[in-house]
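All remarks here apply to the structure that follows.
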Amino acid sequence: PVIRWERSSLAELGAEFARWEIATVAASQVLGVDPFDEPNVSEAKQATATVLDGFLGTGTLAAPAVVATAGDVSAAAPAEVLAALAAHGVAVSDPFAIAAGLATLVGSGDYVAILAYLARTDPRHAALERLRHALRDRTRAATTLGYGPRFLHSTGQLHKGGPSTGVFLQLASLEPALEIPGERYGFRELQIAQAAGDYQVLERRGRRVVRLNLGSDPDGALEMLVRAVSAGSAGVAR
1 PVIRWERSSL AELGAEFARW EIATVAASQV LGVDPFDEPN VSEAKQATAT VLDGFLGTGT
61 LAAPAVVATA GDVSAAAPAE VLAALAAHGV AVSDPFAIAA GLATLVGSGD YVAILAYLAR
121 TDPRHAALER LRHALRDRTR AATTLGYGPR FLHSTGQLHK GGPSTGVFLQ LASLEPALEI
181 PGERYGFREL QIAQAAGDYQ VLERRGRRVV RLNLGSDPDG ALEMLVRAVS AGSAGVAR
């Protein structure tokens, strides 16, 4: 189901902010929850800090264990996820098959979230939307696309603290180095640490998650992933 709100001008966006802020507070009152409490956001921040502390001590950023490679593209996934993919006939030696194979783990009532720790460009965003649509069409599930790390403070809480109905595809690449004044690490290291921390918490929470490092040609690798999902070579369990 889709609800579409049509606004006649950009000036009305402020009213939408007010609408949904009030709706969130009202729903939280009915549910008996604190809308400002984000325990799993803090958990992800701590995981990021731990990765950065390790980097400052050793000069190396801890990353999830790689389980499959193709050139400089690599995939990481929890053992339970790999076992489930293998049980569905997914070739777990191929990083693209692992990522596309997430579709086989989507069941009724689940949603698929693309967690893109990538620099946003218009062509790349268009490719990510094609990926989202391909996953939607293959699984008939709701799909979301968020850019890391900014989604961590909104849907990131749902991903980790909500019901275990999410299936997560984290996409990462090595972005250009950019200094952070006054810090011993740069924005590139910070983003890598945030992606690693996000993955660690999702894994710790038992979520179905795959991380795909797109390597030195992220746009080319992304197009290959779109084709793999669209081809449906992994099949879908519904």
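According to the numbering used here, the sequence shown is numbered sequentially starting from 1. Yeah, the Cβ is synthetic: ideal placement off N, Cα and C, and Gly gets one too. Fair warning: this is a prediction, and the values are worked out from it, not measured in the lab.
Does Ile3 come out as helix, strand or coil in the three-state DSSP assignment?
Of the three classes helix, strand and coil, the one that applies to Ile3 here is coil, per DSSP.
Considering Cα atoms alone, identify which of Ile192, Pro218, His159 and Phe187 is closest to Pro38.
At residue 38 the sequence reads Glu, which differs from the Pro that was named. Checking every option, the nearest Cα to that of Glu38 belongs to His159.
My understanding is that Asn40 touches Gln191, with C-beta atoms under 8 angstroms, so please give their C-beta distance in whole angstroms.
Asn40 to Gln191, Cβ: 19 angstroms. No contact.
Can you give me the C-alpha to C-alpha distance between Ala47 and Leu169, rounded to a whole angstrom?
If you take the alpha carbons of Ala47 and Leu169, they lie about 19 angstroms apart.
If I measure Cβ to Cβ from Gly109 and keep anything under 8 angstroms in the same chain, skipping five residues before and after, which residues do I get?
Excluding residues within five positions, the ones whose Cβ falls inside 8 angstroms are Thr165.
Verify whether the separation of the beta carbon atoms of Pro163 and Gln194 is less than 8 angstroms.
Not a contact, by the Cβ cut-off of 8 angstroms.
Between the segment 94-106 and the segment 126-142, do three or more beta carbon pairs fall short of 8 angstroms?
With a cut-off of 8 angstroms, the segment 126-142 and the segment 94-106 count as touching, because enough Cβ pairs lie within range.
Are the CB atoms of Asp4 and Glu16 nearer to each other than 8 angstroms?
Looking at the sequence shown, residue 4 is not Asp but Arg. No, they are not a contact pair.
Can you tell me whether Gly146 is helix, strand or coil according to DSSP?
If DSSP states are grouped into helix, strand and coil, Gly146 belongs with the strands.
When we look at the beta-carbon of Gly107 and count the other beta-carbons within 10 Å, is it buried (16 or more) or exposed?
Exposed, since its Cβ has fewer than 16 Cβ neighbours within 10 Å.
Suppose you measure from the CA of Ala11 to the CA of Glu21; what does that come to, to the nearest Å?
Taking the straight line joining both Cα atoms gives about 17 angstroms.
Counting Cβ pairs closer than 8 angstroms, one from the segment 80-95 and one from the segment 52-59, do we hit at least three?
The segment 80-95 vs the segment 52-59: no contact.
Can you tell me which of His88, Ala62 and Ala134 puts its alpha carbon nearest to the alpha carbon of Gln200?
Here the closest residue by C-alpha is Ala62.
If you drop the 5 nearest sequence neighbours on each side, which residues of the same chain put their C-beta closer than 6 angstroms to that of Leu145?
Within the same chain, Leu145 has close Cβ partners Ile114, Leu128 and Arg132.
Where does the unbroken beta strand (DSSP E) through Arg208 begin, and where does it stop?
Where Arg208 is concerned, the enclosing beta strand (DSSP E) stretches over Arg208 to Asn213.
Return the residue from the list Arg188, Pro123 and Glu203 that minimises the CA-CA distance to Ile180.
Among Arg188, Pro123 and Glu203, the Cα nearest to that of Ile180 is on Arg188.
In or out: Ala44 buried (at least 16 other Cβ within 10 Å) or exposed?
By the 10 Å Cβ count, Ala44 comes out buried.
Can you say whether Ala75 is buried or exposed, counting buried as having 16 or more other CB atoms within 10 angstroms of its CB?
Classification for Ala75: buried.
Is DSSP giving Val236 helix, strand or coil here?
Its pLDDT being 41, under 50, Val236 is placed unreliably by the model, and nothing is read from it.
If you count every other CB in all the chains shown that lies within 10 Å of the CB of Ser173, and 16 or more means buried, which is it?
With 16 or more other Cβ atoms within 10 Å, it is buried.
Assuming Phe96 and Ala228 make a contact with CB atoms under 8 angstroms, what is their CB distance in whole Å?
Right, the Cβ-Cβ distance comes to about 5 angstroms (below 8 angstroms), so this counts as a contact.
In this structure, how does DSSP classify Ile114 when only helix, strand and coil are distinguished?
Note: Ile114 maps to strand in three-state DSSP.
State the DSSP-derived secondary structure class of Thr104, mapped to helix, strand or coil.
Three-state DSSP puts Thr104 in a helix.
Going by CA-CA distance only, name the one from Gly220, Ala119 and Arg207 that's closest to Leu178.
Taking only the C-alpha atoms, the option nearest Leu178 is Ala119.
So the candidates are Gly197, Val73, Thr104 and Val167; which of them puts its Cα closest to the Cα of Glu223?
Glu223 has its Cα closest to that of Val73, out of Gly197, Val73, Thr104 and Val167.
Quick check on Phe96: does DSSP put it in helix, strand or coil?
Correct three-state label for Phe96: helix.
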